[in-house]
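Just remember that the working numbering sits 1 ahead of the position in the sequence shown, which is counted from 1.
Even glycine gets a Cβ: it sits at the ideal position worked out from N, Cα and C.
Being a predicted model, the structure only gives us computed values, none of them experimental.
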Amino acid sequence: MSRPKLIVISAPSGGGKTTIVKEILTRHPEFQFSVSGTTRPMRTGEVDGVDYFFLTKEEFERLIQRGELAEHELIYGNYYGTLKREVDRALLGNKTMVFDVDVKGGLSIKRLYNNSAVLIFIEPPSITVLEQRLRNRKTEDEETFRKRMERVALELETGKRFDFRVVNNTLPRATDEVDEIIKKQIQS
Ligand code: 5GP
């Protein structure tokens with residue numbers, strides 16, 4: 002028997018979170034991914050409805066007004082939010098769902114769904130390593146890079162309140178650790 006859970010994975014930008022989330026979903030095809038809504042522009046390789054629902058500011062604000070979001074945050078000048086219908090899809094279907102959200106969104110999900118939610122924070126080995134990784138990613142201009150680095154202190158501090166913390170020294174090892182945590186959590 003397994004107990005489906007809402008697995009929240011958060012990390013500062015460049016922390017390797019997206020890679021870890023993708024690998025976890027590959028290892029567990031039975032898990033679902035919570036596709037968030039966002040107003041940020043689509044990056045090369047991203048697919049609408051798969052990576053995010055890419056929305057205009059007006060569309061996003063309509064979702065807020067209609068109460069269709071479980072949580073939302075303004076991050077680096079763009080809206081990001083978890084759709085209630087995504088969470089319902091997991092809960093009603095008795096499925097484990099994986100969330101790639103920021104630290105504040107993670108705490109909101111915990112507040113809303115209590116014991117069903119498991120918060121995992123991916124920590125960089127150091128700020129210098131994080132900065133280097135973010136630079137290597139080359140998806141940001143200088144201004145966005147600066148905004149992302151400014152938020153790191155808040156993220157590291159908030160991450161202390163998560164249920165589990167995994168240091169991302171190497172991606173394969175961090176992924177294995179996250180996988181072990183999830184397996185234990187869904188086991189009854
Ligand atoms: P990115 O632009 O790099 O895809 O994501 C920027 C940040 O927004 C990341 O920390 C990511 O986890 C977070 N994020 C993505 N979707 C959501 C969401 O639905 N809610 C919240 N609160 N954060 C999100």
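Going by the CB atoms, is the gap between V167 and E156 shorter than 9 Å? Position 155 of the sequence shown, counted from the start, is the residue given in the question as residue 156. Position 166 of the sequence shown, counted from the start, is the residue given in the question as residue 167. Result no, Cβ atoms of E156 and V167 do not sit closer than 9 Å.
Quick test of the definition: if touching needs 3 or more C-beta pairs under 8 Å, does the region 6-23 touch the region 90-104? Counting Cβ pairs under 8 Å, three or more are found: they touch.
Applying the criterion that 16 or more other CB atoms from any shown protein chain within 10 Å of the CB defines a buried residue, is G94 buried or exposed? Against the sequence shown, residue 94 aligns to sequence position 93. Exposed is the call here.
Give me the Cα-Cα distance between R44 and N137, rounded to the nearest whole angstrom. The residue you call residue 44 lines up with position 43 of the sequence shown. The residue you call residue 137 lines up with position 136 of the sequence shown. Spanning the alpha carbons of R44 and N137 requires a straight line of approximately 16 Å.
Does the contact criterion of 3 or more C-beta pairs under 8 Å hold for the region 115-126 versus the region 15-27? Verdict: yes, contact present.
So, with DSSP's three-state summary, where would you put Y114? Start at 1 with the first residue of the sequence shown, and residue 114 comes out as number 113. Look at Y114 here: in three-state DSSP terms it is helix.
In terms of residue numbering, what span does the alpha helix (DSSP H) encompassing A175 cover? Counted from its first residue, the sequence shown places residue 175 at position 174. Element bounds for A175: 172-187.
Looking at the structure shown, is E47 part of a helix, part of a strand, or coil, going by DSSP? Taking the sequence shown and counting its residues from 1, one reaches residue 47 at position 46. E47 falls in the coil class under three-state DSSP.
What does H73 pair with, by DSSP beta-bridge criteria? Within the sequence shown, the letter at position 72 stands for residue 73. DSSP, once it has assigned bridges, lists G82 as partnering H73.
Taking 9 Å as the threshold (C-beta atoms), are I110 and V88 in contact? Along the sequence shown, read from residue 1 onward, the residue named residue 88 stands at position 87. Along the sequence shown, read from residue 1 onward, the residue named residue 110 stands at position 109. For V88 and I110, yes; Cβs fall inside 9 Å.
What are the boundary residues of the alpha helix (DSSP H) that T145 is part of? Position 144 of the sequence shown, counted from the start, is the residue given in the question as residue 145. Looking at the DSSP string, the run of the alpha helix (DSSP H) that includes T145 is 143-151.
What residue from T159, E158, S117, L135 has the CA that sits closest to Q186's CA? Here residue 186 refers to the residue found at position 185 when the sequence shown is read from its first residue. Comparing Cα positions, the closest option is S117.
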